[in-house]
Each structure stands twice: as structure tokens, then as C-alpha cells.
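*Asks:* Got a structure here, written out as C-alpha cells. Questions coming.
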Amino acid sequence: MNLDAGSTLWQKAVKTIELNKRQEHILQIVKEHGPITGEHIADMLHLTRATLRPDLAILTMSGFLEARPRVGYFYTGKTGVQLLADKLNKLKVKEFQSIPVVIHENVSVYDAICTMFLEDVGTLFVVNKSAALVGILSRKDLLRASMGKQELSAIPVHIIMTRMPNITVCEREDLIMDVAKNLIEKQIDALPVVKKTENGLEVIGRVTKTNMTKLLVSLSENEIL
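All letters in the sequence shown, in the order written, are residues 1 to 225 by the UniProt record's numbering.
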């Protein structure tokens, strides 16, 4: 991911938490008088409770305020950036994973290259006859294998793939930010999403740098609550 583009998307995402003047006024009232009920806030603004309800809902769902029954609203003290970070740190893999492209370990390197090209992906997940994950193929692996004078149609991918247990995986319930850190720290393009079976790890999805970019775009367009 281009760092400048990522920074721009982050700035846009932060802007989605900007408030209108009335919402800022409500925050100021809660800061100074909280805990305070919605009725008291409405009285201070000379508005009906019904008029104020959408603003209070937005401020509560966004995390600026907390509401307690029969007590009122409290100011959380969090900035827009902190609230965005809180939101990111709650997102899970299952919300952003995409469909994996899986090949058998005996498929030839030539066929693997064709599959990668046709499916327009940067990583292939390799499985055995029990459909258990045994390896991963990246663009670099296939490019390296193509640089010699070897007959690519005669070389099975299990010869050149990265094998288990040297593969980083994730599960559906893992936090998406933990996966993002792994992608950066290990300098890899994708992680397989797996579930444990009696035959081994079954590949049920993938998380890529593209998924991370889409996540930032969704945040910038305020599609993720």
C-alpha cells in the first residue's frame, strides 16, 4: 500500500467523526454539567427532546458520550482519533475476509502461474488431498521458479512453496488490526483465514493488503459504524 495514499485515507476517516455545531454544543453542555439527562440538555438548547434525539444517538454511537439509565449522559473525553482507533481495534477478520484461491500441492508451477493470472491474485494457498493447508505460493515464489531454464509444467508447486509451519495464519474471530500488523511485520501480501479440522487447517478465506485498503475506504466513507 502506498504510504501517502494510506495517510490520506486515514485523514479522511478521521474527518467522518467531525460534528456539526449543535452536536459540539451538546458535548460542551455534557462536559460542564454531566451527568445530565436528555431532557435537561433539550431545555438548555430550547429544543424538544425529539429534535435532540438523533444528535444524542450519533454522539453516543460514535463514542463521544455514554448514556446510563435514570442517570443521564457522560462525556467520555475521547478525541475523534481515539474513537476511530477504538473502532478499528474492535473489527474482526470475518467482517473483511475475501474468497481464497486454493490449488493442490501436485499442480505444476505453470498451472499455478496461469491460476494466479486468471484469478488476479497475488497469493495462492496450497492444500493436500485432505484439503488441509500445506503451503503458500506468492508472486515472488513463482517468479523465482520462472527465472531458470526449467520446464515449469514438470515442476509441482510443493517443490517451491513456503511450507507449514512457516506460514502465518489467522481465524475469523481474530482482530483485523492484529492481521494488519502481521502483514507489515512479516512483509507478506496475504494471510489465509483458517479453521481447525481433524485433517488439519482448512482454508476458508484470505485477508490481503487490498482488504486493508478497502477497510480504510469504508471508514472514510462512513460505512462502518
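All residues carry an ideal CB built from backbone N, CA and C; glycine is no exception.
With a threshold of 16 other CB atoms inside 10 Å of the CB of Q97, please say whether the residue is buried or exposed.
*Replies:* buried
*Asks:* Could you give the first and the last residue of the continuous alpha helix (DSSP H) run that contains S138?
*Replies:* Looking at the DSSP string, S138 is not in any alpha helix (DSSP H); the run it does join, the beta strand (DSSP E), is L133 to S138.
*Asks:* Taking the alpha helix (DSSP H) that L201 falls in, what are its first and last residues?
*Replies:* Per DSSP, L201 belongs to no alpha helix (DSSP H); it is in the beta strand (DSSP E), G200 to T208.
*Asks:* Report the rounded CA-to-CA distance for M164 versus V157, giving the unit in angstroms.
*Replies:* 14 Å
*Asks:* Starting from R68, follow its DSSP beta bridges and name the residues at the other end.
*Replies:* G72
*Asks:* Can you name, in chain order, every residue of its own chain whose Cβ lies under 8 Å from the Cβ of S146, other than the five neighbours on each side?
*Replies:* V109, I113 and L152
*Asks:* Could you compute how far the alpha carbon of S138 sits from the alpha carbon of K87?
*Replies:* 31 Å
*Asks:* Consult DSSP for S146 and reduce its assignment to one of helix, strand or coil.
*Replies:* In the structure shown, S146 sits in a helix (DSSP, three-state: H, G or I).
*Asks:* Taking contact to mean at least 3 C-beta pairs separated by less than 8 Å, is the region 119 to 134 in contact with the region 170 to 184?
*Replies:* no
*Asks:* CB-CB under 8 Å to G6, same chain, minus the five flanking residues each way: which ones, in chain order?
*Replies:* Legend: pLDDT at G6 = 45, less than 50; position of this residue unreliable, no value from coordinates given.
*Asks:* Relative to the C-alpha of L27, which residue among L59, E95 and T162 is closest?
*Replies:* L59
*Asks:* Can you name the start and end residues of the alpha helix (DSSP H) that H33 belongs to?
*Replies:* K21 to H33
*Asks:* Once DSSP output is grouped into helix, strand and coil, what is the label at V14?
*Replies:* The pLDDT assigned to V14 is 42, lower than 50, so where the model puts this residue is not dependable; a value taken from the coordinates is nonetheless given after this. Helix, per DSSP.
*Asks:* Expressed to the nearest angstrom, what Euclidean distance is found between the alpha-carbon atoms of L91 and K209?
*Replies:* 16 Å
*Asks:* DSSP has L215 in a bridge; who is on the other side?
*Replies:* DSSP, once it has assigned bridges, lists no residue as partnering L215.
*Asks:* For I155, which residues in the same chain have their Cβ closer than 7 Å to its Cβ, ignoring the five residues on either side in sequence?
*Replies:* S108, V109 and A145
*Asks:* Can you name the start and end residues of the alpha helix (DSSP H) that F117 belongs to?
*Replies:* First-last of the alpha helix (DSSP H) with F117: V109 to E119.
*Asks:* Between S62, T37, D55 and K129, which lies nearest to P69 when the distance is taken from Cα to Cα?
*Replies:* T37
*Asks:* Spatial neighbours of T76 within its chain, please: CB distance less than 7 Å, with the 5 preceding and 5 following residues excluded, ordered by chain position.
*Replies:* G63, F64, L65 and E66
*Asks:* Buried or exposed: where does R206 fall if 16 or more other Cβ atoms within 10 Å of its Cβ makes it buried?
*Replies:* Buried, since its Cβ has 16 or more Cβ neighbours within 10 Å.
*Asks:* Roughly how many whole angstroms lie between the Cα atoms of E185 and E32?
*Replies:* Each residue's Cα considered, the two are about 44 Å apart.
*Asks:* Please classify P54 as buried or exposed, where buried requires at least 16 neighbouring CB atoms within 10 angstroms.
*Replies:* exposed
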